[in-house]
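Quick note, the sequence shown lines up with residues 2 to 429 if you use my numbering.
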Amino acid sequence: MNISLRTPLNRRTLLRGAGATLALPFLECMMPRLGHAAAPQPPRRFVGMMTNMGILPEFFFPTQAGRDYEATPYLDILKAHRERMTVLSGVSLPGVDGGHEAEKCFLTGAPGASRGSFRNSVSLDQVMAEKTGSATRFPSLPVMIGTGNLSLSWTRSGSMIPPITSPVALYQQLFVEDTAEGRAESLRRLQRDRSLLDGMKDQFKALQQRVGANDRERLDQFATAIRDLESSLAASESWVNRPKPKTTTAPPKDIADVNDFKANARAMLDLVRLALETDSTRIVTVCLSTGNLTPKGIAGVSSGTHPLTHHGRQPEKIAELRRIEEAHFQSLAAFFDGLSATNEQDKPLLDHTACLYGTNMGSANAHSNDNLPTLLIGGNFKHVGHLAFDKKKNYPLSNLYVTLLQRLGIEAGTFSSGTSTMRGLEMA
């Protein structure tokens, strides 16, 4: 047996010179050299994406189930990724209602968004980040394209995590080194968080002694979250003084006109791909918040997105809204093209990245929250084409969230209203 004793190159080896550092791509010499030992598996990643204005279902849903479905206009834009894509119909989030209000619940599955007493729960990406986020500088990245202040990421206390809305700000977070003063302030902030957590732990121990057996079981689950938070804080401290990766990509310019959706989407999604490619994060959420946009640069479009979604079946409004939504899918296609063209261990980065795309409304015209148009792309699943469920008695989309947690190597049998993995979808 041919055994090489040469020490493998560390994955985070940096080239240094002239005061600059450059992160290396994944190289074969970073793999173990002992005989024919299997190479370490590349990390698994997740990107959750939602457009908050729904999409026209007639241009999305195929009429046939299975692999041989006839592509619809929107799916045809993504035809290069058909073999790595599963289309879902007849799915929704049980108990999630409220029309537009459901936009807060796409990755949480928290029911009752229409109630005045509604309180959100933790989002899927944050559960992932608690378990796997310490491996990267950013446990997760919440991003928004459009207007307003809407994020798909929510903490365990039901608070929204503010999204990054500027390409310049995202680029700086990923690739521009903090000043010495900035690093010192980051360490001070993390130490304050540690002190607060220590105080909470003392209160938690006292509470455990006062409750009954059933409540102690629930508190044990909360204790796990506290331990995960401790690990996350420790990991964050370790990243403060490590150099950020360098990129040959030029810094972007902020798009002056927020209505230039195509330019904003291109800039932000290119940076999301770079964040994944440089292993700066493995968990990303992208909210397409387009209700207050009057998109520029799209031929035949002069109206605002939100008014067009209330088209009342008027053909001219539907045609204009379709042009806007086709531009959305073209932006998605370019993002998936970039992930597919980036290789990692001789496979496309898309194979290691499970990308979920969907909406919070099955029909924005009717403000309905059932039969949600949904796609799963990449992630090395055994994709099955069109996975069609009952359009009247919907299948829980939250079951897919259990599958996605398990795909990242997280032991989970439930999430929100999801009580099992998704029927008909298997991991490769």
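The C-beta atom is built at its ideal place from N, Cα and C for all residues, glycine as well.
Since the structure is predicted, the reported quantities are computational estimates derived from the model, not experimental observations.
- Query: Taking Cβ to Cβ, would you say serine 124 is nearer than 7 Å to threonine 109?
  - Reply: yes
- Item | Element boundaries [beta strand (DSSP E), containing histidine 311] | Careful: histidine 311 lies outside any beta strand (DSSP E) and carries neither H nor E.
- Query: Can you tell me whether DSSP reads proline 70 as helix, strand or coil?
  - Reply: The residue you asked about is not proline; residue 70 is tyrosine in the sequence shown. Coil at tyrosine 70, not helix or strand.
- Query: Whose C-beta lies closer than 6 Å to the C-beta of serine 417 among residues of the same chain, with five residues either side of it excluded?
  - Reply: Gly110 and Ser399
- Query: Do you know how far the Cα of arginine 314 is from the Cα of alanine 413?
  - Reply: 43 Å
- Task: Could you tell me whether the Cβ atoms of isoleucine 78 and threonine 360 are closer together than 7 Å?
- Result: no
- Is there contact between the region 298-308 and the region 273-283, where contact requires at least three CB pairs shorter than 8 Å? no
- Message: Tell me the rounded alpha-carbon separation between leucine 294 and valine 212.
- Response: 51 Å
- Reference valine 273, options Ala335, Gly292 and Leu322, closest by Cα: Ala335
- Task: Flag this pair as touching only if the region 80-87 and the region 160-175 have three or more C-beta atom pairs under 8 Å; answer yes or no.
- Result: no
- Residue range of the unbroken alpha helix (DSSP H) whose run includes leucine 125: 125-133
- Which of helix, strand or coil DSSP assigns to glycine 425: coil
- Item | Per DSSP, cross-strand counterpart(s) of proline 143 | Thr286
- Message: If contacts are defined as beta-carbon pairs under 8 Å, then leucine 376 and valine 88 qualify, I think. What distance do you get, rounded to the angstrom?
- Response: 6 Å
- Item | Rounded C-alpha distance that separates proline 397 from leucine 322 | 28 Å
- Message: Taking a contact to mean a Cβ-Cβ separation below 7 Å, would you say glycine 96 touches asparagine 395 in this structure?
- Response: no
- Task: Could you check which residue in Gly292, Gly147 and Asp271 has the C-alpha nearest to that of aspartate 258?
- Result: Gly147
- Query: Hey, how far is the Cα of proline 244 from the Cα of isoleucine 165?
  - Reply: 21 Å
- Task: Apply the 10 Å Cβ neighbour rule to serine 152 and answer buried if 16 or more other Cβ atoms are within range, or exposed otherwise.
- Result: buried
- Would DSSP call leucine 108 helix, strand or coil? coil
- If you draw a straight line from the alpha carbon of methionine 423 to that of valine 48, how long is it in whole angstroms? 18 Å
- Query: isoleucine 256 to alanine 320, Cα distance in whole Å?
  - Reply: 27 Å
- Task: Check each candidate in Ser332, Gly67 and Leu340 and name the one with the smallest Cα separation from leucine 275.
- Result: Leu340
- Query: With leucine 270 and serine 369 assumed to form a contact (beta carbons below 8 Å), what rounded beta-carbon distance in angstroms separates them?
  - Reply: So it is not a contact: roughly 28 Å between Cβ atoms.
- Task: Can you tell me which of Glu71, Tyr75 and Gln65 puts its alpha carbon nearest to the alpha carbon of arginine 324?
- Result: Tyr75
- Message: Quick check on the DSSP output: the alpha helix (DSSP H) that includes threonine 404 runs from which residue to which?
- Response: 399-408
- Task: Could you pull out every residue in the same chain whose Cβ sits closer than 7 Å to the Cβ of phenylalanine 107, ignoring the five residues on either side in sequence?
- Result: Met51, Leu153, Gly359 and Asn361
- Item | C-beta contact flag for proline 140 and glycine 134 at 7 Å | yes
- Nonlocal neighbours in the same chain, by C-beta distance under 8 Å from lysine 383, ignoring five residues either side: Leu426, Glu427, Met428 and Ala429
- Message: When you compare the CB positions of glycine 363 and asparagine 372, do they come within less than 7 Å of one another, or not?
- Response: yes
- Query: Just to confirm, are histidine 353 and proline 41 a CB contact at a threshold of 7 Å?
  - Reply: no
- Item | Nonlocal neighbours in the same chain, by C-beta distance under 6 Å from valine 285, ignoring five residues either side | Val48, Leu142 and Val273
- Chain-order list of residues whose beta-carbon lies under 7 Å from that of alanine 328 (same chain, five-residue window excluded): Phe262, Lys263, Pro296 and Ile299
- CA-CA distance, arginine 189 and glutamate 182? 11 Å
- So, is alanine 355 buried or exposed, given that buried needs 16 or more other C-beta atoms within 10 angstroms? buried
- Task: Look up serine 160 in the DSSP assignment and give the residues it is bridged to.
- Result: Answer is none; serine 160 lacks a bridge partner.
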